[in-house]
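Numbering (my numbering), first residue to last: 1358 to 1480.
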């Protein structure tokens, strides 16, 4: 589907759909996507399904404690461009409906870097 921004024309003030970043996490996969507030959850599933080779109908997405429904916009769940930055995107968790798990259960935490040896420290 095509995503677009509505533009301001003359004296008619039309709202401009602002874009922001989301992070979709599943197991060891992390996908960053730039989208706008009016994007439907089904559109995100379509993008992710192409990248992960997973059927969109098989996907279950969650944001916080909410399970995302296909026919709703991200703004319904409080995801707005003025509340986030590119370095701190909204995190959406993804799992397969067939597994029947909570989406956050599949995510592998990021690795922690090793401690810098004292010889190499600046202090």
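Note that beta-carbon positions come from the ideal geometry of N, C-alpha and C, so glycine has one too. A quick note: this is a predicted structure, and the numbers were derived from the prediction, not measured.
Item, Value
"Start-to-end residues for the alpha helix (DSSP H) that takes in residue 1443", "Note, residue 1443: premise wrong, no alpha helix (DSSP H); not H, not E."
"Where residue 1467 falls: helix, strand or coil (DSSP)", "coil"
"Top-ranked residue by Cα proximity to residue 1449, from 1381, 1375, 1377, 1416", "1381"
"Through-space distance from residue 1469 to residue 1420, alpha-carbon basis", "24 Å"
"Beta-carbon proximity list for residue 1423, same chain, < 8 Å, skipping 5 on both sides", "1434"
"Outcome for residue 1389 when other beta-carbon atoms lying within 10 angstroms are tallied against a minimum of 16", "exposed"
"Terminal residues of the alpha helix (DSSP H) in which residue 1400 lies", "1398-1409"
"Whether residue 1376 touches residue 1400 by CB criterion (9 Å)", "no"
"For residue 1384, three-class secondary structure by DSSP", "coil"
"Proximity below 9 Å, CB of residue 1429 to CB of residue 1451", "no"
"Pairwise C-alpha distance: residue 1474 and residue 1406", "43 Å"
"Residues of its chain near residue 1366, where Cβ-Cβ distance is below 6 Å and the 5 sequence neighbours each way are ignored", "Because the pLDDT at residue 1366 is just 41, under 50, the model does not fix this residue reliably, and the value given afterwards should be weighed accordingly. Within the same chain, residue 1366 has no close Cβ partners at all."
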